[in-house]
Amino acid sequence: MDEKTTDQSVLQRINELVGHEHQMLARESLSEEDQGRLRALQVELDQCWDLLRQRRALRTVGQDADKAQVRPPEIVEKYEQ
């Protein structure tokens with residue numbers, strides 16, 4: 004994320020990533036390299052959603068949303084959907 008993260012900047016990044024994801028998934032086939040890029044994109048997307056949820060949760064309990072941090076893939080990818 005950029006230096007000054009806001010909910011809007013996180014949502015903007017999510018929209019960008021979803022657009023890229025849809026473009027990749029629309030292809031008839033993906034090379035191994037493209038599959039790796041798609042997986043990395045999906046991990047970043049999960050991290051963005053997690054960051055947005057953290058920001059909203061902190062704000063809900065009266066804390067500073069800017070205390071939210073991007074969590075590592077090892078943590079975010081273990082969440083159940």
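Reading the sequence shown from the start, the letters are residues 4 to 84 in our numbering.
For every residue, glycine included, the Cβ atom is placed at its ideal position computed from N, Cα and C.
Every value quoted in this text rests on a predicted model; they were computed, and no experiment measured them.
Rounded to whole angstroms, what's the CA-CA distance from M27 to D49? Just pull it up for me.
17 Å
Relative to the alpha-carbon of D69, which residue among Q57, D53, P76 and W52 has its alpha-carbon at the smallest distance?
Q57
How would you label R16, buried or exposed, when you count the other beta carbons within 10 angstroms and need 16 or more for buried?
buried
Distance, K7 Cα to D67 Cα:
13 Å
Closest to I78 by CA distance: which of E47, R59 and V64 is it?
E47
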